[in-house]
Amino acid sequence: MFDAKLRPLIDPPLNRAGKVLAAWGVTANALTLAGLALGLAGAAAIAFGEIGAGLALILANRLLDGLDGAVARANGPTSFGGYLDIVADFAFYVAVPLGFGVLAEANTLPALVLVASFVLTGVSFLAFAAIAATRGEETEAHGKKSFFYSTGLAEGGETIAIFIAMCLFPGWFGPIVYGYAALCILTVFQRSALALARFG
Numbered sequence: 182m183f184d185a186k187l188r189p190l191i192d193p194p195l196n197r198a199g200k201v202l203a204a205w206g207v208t209a210n211a212l213t214l215a216g217l218a219l220g221l222a223g224a225a226a227i228a229f230g231e232i233g234a235g236l237a238l239i240l241a242n243r244l245l246d247g248l249d250g251a252v253a254r255a256n257g258p259t260s261f262g263g264y265l266d267i268v269a270d271f272a273f274y275v276a277v278p279l280g281f282g283v284l285a286e287a288n289t290l291p292a293l294v295l296v297a298s299f300v301l302t303g304v305s306f307l308a309f310a311a312i313a314a315t316r317g318e319e320t321e322a323h324g325k326k327s328f329f330y331s332t333g334l335a336e337g338g339e340t341i342a343i344f345i346a347m348c349l350f351p352g353w354f355g356p357i358v359y360g361y362a363a364l365c366i367l368t369v370f371q372r373s374a375l376a377l378a379r380f381g
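Here the working numbering = 1-based position in the sequence shown + 181.
Written out as structure tokens, the structure reads:
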């Protein structure tokens, strides 16, 4: 919901840093993989009860996720880079609630519900992108991407805000997760309505 609005604020400094990193020979794919490693380490830290360390690693993951796109724009994006980036994003999104699910038995059911809602939003997102590609449709509402990014109520920015809230208020994990899972399901309905309007 907020991602497209945040792009004009975060893209300029990221793009400047991306040009520097590209000049140093750093590749976008290397940053994507490093970010994934940090994100998975953050989920593991949470599972072992080190929630503060988990939060720091989650934030580091998001920084590298922004920088890999900036480096890709500086060097020229590749199709494989776009594929790797989205796979790494969803692996990270699923790992964090699983970490909380391992942390405490009371978290298991809400964690599974959130993972299921992520699967549904991911399927709707990727199916929309695939069909938009066959129709030659493009958008730069979320910046220049490797494929069509459809807007939704629950996007990357909202997901990170929820992850931060989970880490700051772990005792409220269940209510936080159930509320966000509901927003994810609403996003599926919203995106489906948009698909019907555009593709029907």
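The C-beta atom is built at its ideal place from N, Cα and C for all residues, glycine as well.
Drop a sphere of 10 angstroms on the beta-carbon of residue 233, count the other beta-carbons inside from all chains shown, and report buried for 16 or more, exposed for fewer. Reading the sequence shown from its first residue, position 52 is the one you call residue 233. Answer is exposed; the Cβ neighbour count stays below 16.
Please classify residue 260 as buried or exposed, where buried requires at least 16 neighbouring CB atoms within 10 angstroms. In the sequence shown, counting from the first residue as 1, residue 260 sits at position 79. By the 10 Å Cβ count, residue 260 comes out exposed.
With distances taken between CB atoms, is the gap from residue 215 to residue 245 smaller than 7 Å? Stepping through the sequence shown from its first residue, residue 215 is reached at position 34. Stepping through the sequence shown from its first residue, residue 245 is reached at position 64. For residue 215 and residue 245, yes; Cβs fall inside 7 Å.
Taking the straight line between their C-alpha atoms, what separation do you get for residue 274 and residue 311? Position 93 of the sequence shown holds residue 274. Position 130 of the sequence shown holds residue 311. Taking the straight line from one Cα to the other gives about 21 Å.
Can you name, in chain order, every residue of its own chain whose Cβ lies under 8 Å from the Cβ of residue 270, other than the five neighbours on each side? Position 89 of the sequence shown, counting from 1, holds the residue named residue 270. If we look at residue 270 and ignore the five residues flanking it on each side, its Cβ neighbours are 246 and 337.
To test your reading of the DSSP string, which unbroken alpha helix (DSSP H) runs of 4 or more residues are found completely within the stretch 333-375? 337-349
If we call anything under 7 Å between Cβ atoms a contact, is residue 305 one with residue 379? Here residue 305 is taken as the residue at index 124 of the sequence shown, counted from 1. Here residue 379 is taken as the residue at index 198 of the sequence shown, counted from 1. No; because the gap between Cβ atoms is not below 7 Å, this pair is not in contact.
CB of residue 253 to nearest heavy atom of the ligand MG: below 6 Å? Annotation note on the ligand MG: not contained in the displayed structure, which lists no ligands.
Tell me the rounded alpha-carbon separation between residue 267 and residue 345. On the sequence shown, position 86 is the one that residue 267 refers to. On the sequence shown, position 164 is the one that residue 345 refers to. Between residue 267 and residue 345, the C-alpha separation is close to 21 Å.
Evaluate residue 243 with the Cβ neighbour count: other Cβ atoms within 10 Å of its Cβ, from every protein chain shown; 16 or more gives buried, anything less gives exposed. Start at 1 with the first residue of the sequence shown, and residue 243 comes out as number 62. Its Cβ being crowded by 16 or more others within 10 Å, residue 243 is buried.
If residue 235 and residue 348 are in contact, beta carbons under 8 Å, what's the gap, nearest whole angstrom? One-based indexing of the sequence shown puts residue 235 at position 54. One-based indexing of the sequence shown puts residue 348 at position 167. About 6 Å; that satisfies the 8 Å criterion.
So, using beta-carbon positions, are residue 361 and residue 343 closer together than 7 Å? Stepping through the sequence shown from its first residue, residue 361 is reached at position 180. Stepping through the sequence shown from its first residue, residue 343 is reached at position 162. Result yes, Cβ atoms of residue 361 and residue 343 sit closer than 7 Å.
Given this structure, state the Cα-to-Cα distance separating residue 314 from residue 339, to the nearest angstrom. Stepping through the sequence shown from its first residue, residue 314 is reached at position 133. Stepping through the sequence shown from its first residue, residue 339 is reached at position 158. Cα-Cα distance, rounded: 26 Å.
May I have the straight-line CA-CA distance separating residue 316 from residue 249, to the nearest angstrom? If you number the sequence shown from 1, residue 316 lands on position 135. If you number the sequence shown from 1, residue 249 lands on position 68. Computed Cα separation, rounded: 28 Å.
My understanding is that residue 369 touches residue 278, with C-beta atoms under 8 Å, so please give their C-beta distance in whole angstroms. Numbered from 1 along the sequence shown, position 188 holds the residue referred to as residue 369. Numbered from 1 along the sequence shown, position 97 holds the residue referred to as residue 278. Not a contact, Cβ separation roughly 17 Å.
Exposure label - residue 374; buried when at least 16 CB within 10 Å: Taking the sequence shown and counting its residues from 1, the one referred to as residue 374 is at position 193. By the 10 Å Cβ count, residue 374 comes out exposed.
Thinking C-beta only, is residue 334 closer than 7 Å to residue 367? The sequence position of residue 367 within the sequence shown is 186, counting from 1. The sequence position of residue 334 within the sequence shown is 153, counting from 1. Yes.
Is DSSP giving residue 331 helix, strand or coil here? For this step, residue 331 is matched to residue 150 along the sequence shown. In the structure shown, residue 331 sits in coil (DSSP, three-state: anything other than H, G, I, E or B).
Please report the straight-line C-alpha distance between residue 284 and residue 294, rounded to a whole angstrom. Counting from one through the sequence shown, the residue named residue 284 turns up at place 103. Counting from one through the sequence shown, the residue named residue 294 turns up at place 113. Spanning the two alpha carbons is a distance of roughly 16 Å.
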